[in-house]
Structure formats: structure tokens, C-alpha cells
Amino acid sequence: MVSPPLRGILFDLDDTLADSSGSEERIWEAVADVIAEHVPAVDRAELRRRYLDVLEGHYSELTAGRVDFHTFRRRRLADALSPWASVDDELFARYTDVKLRVIEELVPFPDAVATLRGLRALGLRLGVLTNGPSFLQRRKLEVSALGPELDAIAISGEIGAAKPDGAAFAAALALLGTAADETAMVGDSLENDVLGGLRAGLAAVVWMPGTREGELPPGAHLAREIAEVPRLLGLPAK
Ligand SMILES: [Mg+2]
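So in this note's numbering, spot 156 of the sequence shown is number 171, and the numbers just go up one at a time.
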């Protein structure tokens with residue numbers, strides 16, 4: 016069976032095109048300072064561990080539409096802080112304020128924009144498929160200046176389906192204007208991006224694990240950085 020040539024690529028946003036974890040890490044000490052002012056007994060190292068550990072469970076409630084962004088944030092903080100204190104309105108307001116910097120100081124990974132431009136120059140259509148609320152993901156695309164580099168923007172909060180659901184991939188492909196068997200998916204999440212993309216029948220799937228651990232599924236490619244993507248997909252590098 017001959018597969019059609021690649022016409023499009025879908026990218027995940029957080030920790031794939033944009034250095035979201037890096038931004039979060041840079042702001043963390045300021046966040047921890049705010050918390051420690053309100054809760055002097057807090058163990059900062061243990062708080063950090065809990066704060067990261069509880070993220071995924073709460074974020075999946077958010078992307079599934081079971082809670083709104085405000086509730087997600089408050090529950091995540093309350094969960095992380097639960098060994099020491101509960102979260103009152105004043106702490107939550109100050110936390111929300113300092114956390115804004117994670118979004119407002121978001122930057123793309125080095126080579127992300129150059130790689131996108133090189134791929135676009137080859138005539139490929141490029142899109143983002145990201146899980147999250149509309150206002151948040153739109154703001155990230157604006158701040159990081161990635162929006163104008165893309166032909167299609169598919170946000171779970173707007174398309175009504177979230178990765179790894181096949182409906183999310185179908186909606187993103189419809190926005191991109193390409194078929195699954197002529198489109199690749201690139202992302203850092205093994206479940207959402209890689210297994211989701213493989214199950215959705217995409218032509219190729221690239222895993223960019225960053226600091227994540229896991230086993231590369233058969234049929235997927237592994238990239239340590241975004242600049243490797245064109246070569247892995249059999250395309251000329253920029
Ligand atoms: Mg991601």
C-alpha cells in the first residue's frame with residue numbers, strides 16, 4: 016500500500032512548541048514565596064513534589080469539562096497544600112496573581128519557530144491541537160507569538176473534544192484541511208499525543224518526551240528536540 020505524501024502536521028502546544036514547564040519552573044520560587052507567607056509551616060520541597068504530582072489528575076478533570084478553570088486551580092492548590100493548611104480566598108487570589116506570570120512569560124522552545132517556518136516553506140499545512148480552556152490556550156499562543164506561524168488552531172475547549180479522543184483529532188484535521196493519512200502528529204504526551212495520534216490513524220507520530228519517561232510505541236518516532244522533526248518525517252531540514 017502506498018501512502019500519500021505528507022500534507023500537514025499537527026503539533027501539541029504545551030511542552031512541545033512552547034516551553035510551558037520551563038516557564039512554570041522559573042516562576043515557582045515566586046509562587047512558593049506567596050504560599051509560605053500564608054503558610055509558614057509549609058515544607059517547600061514536599062510542597063513542590065505534591066504540587067507536580069497532583070497536576071495530571073486535576074487537569075484531566077478540566078479538559079474533560081467536569082470542572083472550570085477556577086475550580087481546577089483552587090482544587091489543585093488545595094490538594095497540594097492539604098498536609099499543612101486549607102486555601103482561603105486571600106491566598107488563592109495572591110496565588111492566581113503570581114501564577115499569571117507562567118502564561119505571560121511563556122516562550123517557544125529554541126528552534127520551534129524556525130522549524131515551523133521551514134516546514135511551511137515546504138508547502139505543509141501546520142496546526143496546533145491542544146487540550147485546555149479557550150482563553151488560556153489562546154493567550155499562550157499570543158504571548159509566545161506562535162499563533163501566526165500556524166494555519167489551524169484546535170483547542171479542546173473550543174472543538175468540544177479533548178485528546179486522546181479521536182473526535183479531537185478529527186476536528187483538528189477538519190480545521191487543517193488535510194486527511195489523517197497525509198498528516199503527522201507531534202507531541203510530548205505518550206497517551207494524548209502519541210497513542211491518540213496512532214489510534215486516530217495519522218500518517219506518522221513523533222514523540223518529544225522532554226523529561227517524561229515511557230516506552231516509544233511501535234510505529235512512532237522519537238525526537239529530543241523539535242528541529243529533528245522534519246528529518247524524522249522524511250522531509251528536508253530547513
Ligand atoms: Mg503537552
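Just so it is clear, CB atoms sit at the ideal spot from N, CA and C, and this is done for glycine as well. Computed from a predicted structure; not experimentally measured.
Are the CB atoms of residue 34 and residue 329 within a distance shorter than 7 Å? Not covered by the structure: residue 329. The range shown for the chain is 16 to 253.
From residue 210 to residue 126, what distance separates their C-alpha atoms? 25 Å
For a test of your reading of the model: does the CB of residue 204 fall under 6 Å from any non-hydrogen atom of ligand 1? Yes or no. yes
Check for me: the alpha helix (DSSP H) holding residue 88 runs from which residue to which? 84–96
Below 8 Å on the Cβ atoms is my contact criterion, and I expect residue 215 with residue 24 to pass it. Report the Cβ-Cβ distance as a whole number of Å. Taking a contact as a CB-CB distance under 8 Å, the pair residue 215 and residue 24 does not count as one, their CB atoms being some 14 Å apart.
Is there at least one non-hydrogen atom of ligand 1 closer than 6 Å to the beta-carbon of residue 104? no
Start-to-end residues for the alpha helix (DSSP H) that takes in residue 43: 35–53
Unbroken stretches of the alpha helix (DSSP H), 4 residues or longer, contained in the region 142–183: 149–158, 171–174
Check residue 134 in the structure and name its three-state DSSP category. helix
Determine the closest residue to residue 169 out of 116, 160, 159, 192, with distance taken between C-alpha atoms. 192
Between residue 185 and residue 142, which are expected to be in contact by the criterion C-beta below 8 Å, what is the C-beta distance as a whole number of angstroms? With a Cβ gap of about 13 Å, residue 185 and residue 142 do not count as contacting.
Cβ of residue 203 within 7 Å of Cβ of residue 225? yes
Going by CA-CA distance only, name the one from 218, 190, 194 that's closest to residue 201. 218
Check the Cβ-Cβ distances between residue 119 and every residue of chain D, and say whether any is below 7 Å. The chain labelled as chain D is not found in the depicted structure, where only one protein chain is given.
Taking all protein chains shown into account, do 16 or more other C-beta atoms lie within 10 angstroms of the C-beta of residue 45, making it buried, or fewer, making it exposed? Residue burial is scored here from C-beta neighbours: residue 45 has fewer than 16 other C-beta atoms within 10 angstroms and is therefore classed as exposed.
Would the beta-carbon of residue 30 be found less than 6 Å away from any heavy atom of ligand 1? yes
Is residue 27 close to ligand 1? I mean its beta-carbon at under 6 Å from any heavy atom of the ligand. yes
Residue 23: first and last residue of the uninterrupted alpha helix (DSSP H) it sits in: It is not in any alpha helix (DSSP H) - residue 23 instead sits in the beta strand (DSSP E) that spans 23–26.
Which residues in the same chain as residue 238 place their Cβ atom closer than 8 Å to its Cβ, once the five residues preceding and following it in sequence are excluded? Cβ neighbours of residue 238 beyond the five flanking positions: 201, 221, 222, 223, 244, 247.
Measuring only the C-alpha atoms, how far is residue 30 from residue 84? 20 Å
In its own chain, which residues sit with a C-beta less than 7 Å from the C-beta of residue 95, not counting the 5 before and 5 after it? 62, 65, 66, 69
On the three-state DSSP scale, how would you describe residue 72? helix
Here's the rule I'm using: 16 or more other beta-carbon atoms within 10 Å means buried, otherwise exposed. How should residue 150 be labelled? exposed
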